[in-house]
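Engineer: One point on numbering: in numbering that gives the first Met the number 0, the residue at position 11 of the sequence shown is 10, and numbering is uninterrupted.
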Amino acid sequence: MGGRWSARIGRGRAFVLWTTVILAAMLLLKAATASVAVVVLVAVVSGAATGVYYAVDLGMVTQVLPDEREAGRFLGAFAMAKHLPSAVAAAPLVGLLRGVR
0 MGGRWSARIG RGRAFVLWTT VILAAMLLLK AATASVAVVV LVAVVSGAAT GVYYAVDLGM
60 VTQVLPDERE AGRFLGAFAM AKHLPSAVAA APLVGLLRGV R
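Rendered as structure tokens:
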């Protein structure tokens, strides 16, 4: 929904900016609350904002690809750059969790 709306009005940067602001506000709200209901609300709003961010972000990336014939290679590199850090950062934690019993 966010990706289509962004493409229709041509304001991808505004969507990226506002979803980033929403995500930052949700992190602050989550840090400041002790209520389970607020944490659930934060999770729902953060999930929606992240979905809009990823849709618009990918749309913006496809607009600036240098070579349409090699779009798959560039999008693959983009996906690796986006997801590889979280996988690499989690690897040492597996070893730490195995020691906890």
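A virtual CB, placed ideally from N, CA and C, is assigned to each residue, including glycine.
On the premise that G11 lies in contact with G58, defined as a C-beta separation below 8 Å, what is that separation, rounded to the nearest angstrom?
Structural biologist: As a working mapping, residue 58 is identified with position 59 in the sequence shown. As a working mapping, residue 11 is identified with position 12 in the sequence shown. Going by Cβ atoms, the distance from G58 to G11 rounds to 6 Å, so yes, they are a contact pair.
Engineer: In whole angstroms, what is the alpha-carbon distance linking I21 and A30?
Structural biologist: The count along the sequence shown starts at 1 and reaches residue 21 at position 22. The count along the sequence shown starts at 1 and reaches residue 30 at position 31. Approximately 14 Å between the Cα atoms of the pair.
Engineer: Which residue from V51, T61, V39, A86 puts its Cα closest to that of F14?
Structural biologist: What you label residue 14 is simply residue 15 of the sequence shown in a count that begins at 1. When only C-alpha atoms are compared, the closest one is V51.
Engineer: How about V41 and L27: do their beta carbons lie closer than 7 Å?
Structural biologist: To locate residue 41, count along the sequence shown from 1; it is residue 42. To locate residue 27, count along the sequence shown from 1; it is residue 28. Cβ distance not < 7 Å, so V41 and L27 don't count as in contact.
Engineer: If the criterion is Cβ atoms closer than 7 Å, does the pair F77 and V63 meet it?
Structural biologist: Position 78 of the sequence shown holds residue 77. Position 64 of the sequence shown holds residue 63. No, they are not a contact pair.
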